[in-house]
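Peer 1: Here it is, the structure in full.
Residue numbers (our numbering): 3 to 209.
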């Protein structure tokens with residue numbers, strides 16, 4: 003069997019793959035009808051025929067659907083075990099417009115973040131079938147706080163309530179996984195005071 007590099011394929015790749023068929027487009031349509039090809043957005047598919055026993059990476063798929071983007075917010079916080087809930091939506095940050103894609107494998111949301119803050123605090127994770135960008139624990143929490151418009155952080159106590167009761171982050175996870183130096187870099191890039199009391203909380207811990 004031909005060895006394909008990734009289970010995520012675009013339309014032009016499929017046309018090239020089936021170019022020796024009398025009607026490549028009909029071949030693609032047949033694969034879709036027989037559930038051997040799954041459409042995740044216009045022009046982008048998951049190859050179920052050649053990768054039926056593979057565990058698909060939602061993070062890799064999220065990066066492929068819309069970009070440039072990196073996985074962040076609630077999904078990344080859950081990914082690192084910082085929050086106990088498993089979100090129903092795969093949440094990402096992007097430099098483009100905010101968007102939502104509803105697919106058969108899940109809902110993918112993208113929130114536009116400030117351009118200067120976008121590249122700070124992102125990791126690149128390599129898998130057998132490609133690589134994806136995801137926020138570090140520090141960046142994921144910072145993104146969540148910055149873009150949570152329902153909360154006003156006017157004191158360290160309010161920040162503690164938000165972290166430990168609303169998000170249910172444990173103090174040990176907070177102090178072990180959140181990097182103070184990186185957090186200050188992110189705050190500077192965002193030019194926002196919303197992270198001020200989180201920084202104070204970490205600084206007091208280090209005193």
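Virtual Cβ for every residue (Gly too), placed ideally from N, Cα, C.
1) Here's the rule: buried if 16 or more other CB atoms are within 10 angstroms of the residue's CB, otherwise exposed. What is residue 146?
2) For the putative contact between residue 212 and residue 189, defined by C-beta atoms under 8 Å, what is the C-beta separation to the nearest angstrom?
3) In chain order, what residues of the same chain have a beta carbon less than 6 Å from the beta carbon of residue 111, not counting five sequence neighbours either side?
4) Three or more C-beta pairs closer than 8 Å, one from the stretch 25-34 and one from the stretch 73-93: is that the case here?
5) Can you round the beta-carbon distance between residue 10 and residue 20 to whole angstroms, since I take them to be within the 8 Å contact cut?
6) Per DSSP, residue 129 forms a beta bridge with which residues?
7) Just to confirm my understanding: we take residue 51, look at its own chain, exclude 5 residues before and 5 after, and list those with CB closer than 8 Å. What are they?
8) Spatial neighbours of residue 59 within its chain, please: CB distance less than 6 Å, with the 5 preceding and 5 following residues excluded, ordered by chain position.
9) By Cβ distance, which residues of its chain are closer than 8 Å to residue 109, with the 5 residues on each side in sequence left out?
10) If I measure Cβ to Cβ from residue 193 and keep anything under 8 Å in the same chain, skipping five residues before and after, which residues do I get?
11) How about residue 42 and residue 106: do their beta carbons lie closer than 9 Å?
12) What is the C-beta distance between residue 70 and residue 170, in whole angstroms, given that I count them as a contact (C-beta under 8 Å)?
13) Any idea which residues DSSP pairs residue 11 with across the strands?
14) So, residue 126 versus residue 135, is the Cβ gap smaller than 9 Å?
15) At the level of alpha carbons, what is the spacing between residue 49 and residue 65?
16) Apply the 10 Å Cβ neighbour rule to residue 159 and answer buried if 16 or more other Cβ atoms are within range, or exposed otherwise.
17) Measuring straight from C-alpha to C-alpha, what distance separates residue 182 and residue 148?
18) Just how far apart, CA to CA, sit residue 82 and residue 22?
19) Helix, strand or coil for residue 140, going by three-state DSSP, please let me know.
20) Is DSSP giving residue 112 helix, strand or coil here?
21) Compute the Euclidean distance between the alpha carbons of residue 197 and residue 124, then round it to the nearest angstrom.
Peer 2: Taking the geometry as given:
1) What you label residue 146 is simply residue 144 of the chain shown in a count that begins at 1. Looking at its Cβ environment, which holds 16 or more other Cβ atoms inside 10 Å, residue 146 is buried.
2) Given a span of 3 to 209 for the chain in the structure shown, any question on residue 212 remains unanswerable.
3) Here residue 111 refers to the residue found at position 109 of the chain shown. Excluding residues within five positions, the ones whose Cβ falls inside 6 Å are 91, 93 and 102.
4) no
5) Here residue 10 is taken as the residue at index 8 of the chain shown, counted from 1. Here residue 20 is taken as the residue at index 18 of the chain shown, counted from 1. Between residue 20 and residue 10 the Cβ distance is about 17 Å, and since that is not below 8 Å, they are no contact.
6) As a working mapping, residue 129 is identified with position 127 in the chain shown. Looking at the DSSP assignment, residue 129 forms a beta bridge with 132.
7) The count along the chain shown starts at 1 and reaches residue 51 at position 49. Around residue 51: 33, 38 and 39.
8) Taking the chain shown and counting its residues from 1, one reaches residue 59 at position 57. Contacts found: 129.
9) Counted from its first residue, the chain shown places residue 109 at position 107. Cβ contact annotation for residue 109 (same chain, cutoff 8 Å, sequence separation greater than five): 90, 91, 92, 102 and 103, in chain order.
10) By one-based count along the chain shown, residue 193 stands at place 191. The residues are 116 and 118.
11) Within the chain shown, the letter at position 40 stands for residue 42. Within the chain shown, the letter at position 104 stands for residue 106. Going by C-beta atoms, residue 42 is nearer than 9 Å to residue 106.
12) As a working note, residue 70 is residue 68 in the chain shown. As a working note, residue 170 is residue 168 in the chain shown. The Cβ separation is near 31 Å, so there is no contact.
13) Residue numbering aside, residue 11 sits at position 9 when the chain shown is read from its first letter. Beta-bridge pairing links residue 11 to 47.
14) Indexing the chain shown from 1 puts residue 126 at position 124. Indexing the chain shown from 1 puts residue 135 at position 133. A Cβ-Cβ contact shorter than 9 Å links residue 126 with residue 135.
15) Position 47 of the chain shown, counted from the start, is the residue given in the question as residue 49. Position 63 of the chain shown, counted from the start, is the residue given in the question as residue 65. In a straight line, the C-alpha of residue 49 is about 17 Å away from that of residue 65.
16) Taking the first residue of the chain shown as position 1, residue 159 is located at position 157. It counts as exposed.
17) To locate residue 182, count along the chain shown from 1; it is residue 180. To locate residue 148, count along the chain shown from 1; it is residue 146. One C-alpha to the other measures close to 16 Å.
18) Looking up residue 82 in the chain shown gives position 80. Looking up residue 22 in the chain shown gives position 20. So the two alpha carbons sit approximately 45 Å from each other.
19) Taking the first residue of the chain shown as 1, we reach residue 140 at position 138. Of the three classes helix, strand and coil, the one that applies to residue 140 here is helix, per DSSP.
20) Your numbering for residue 112 matches position 110 in the chain shown. In this structure, residue 112 counts as strand in the three-state DSSP scheme.
21) One-based indexing of the chain shown puts residue 197 at position 195. One-based indexing of the chain shown puts residue 124 at position 122. Whole-angstrom Cα-Cα distance: 18 Å.
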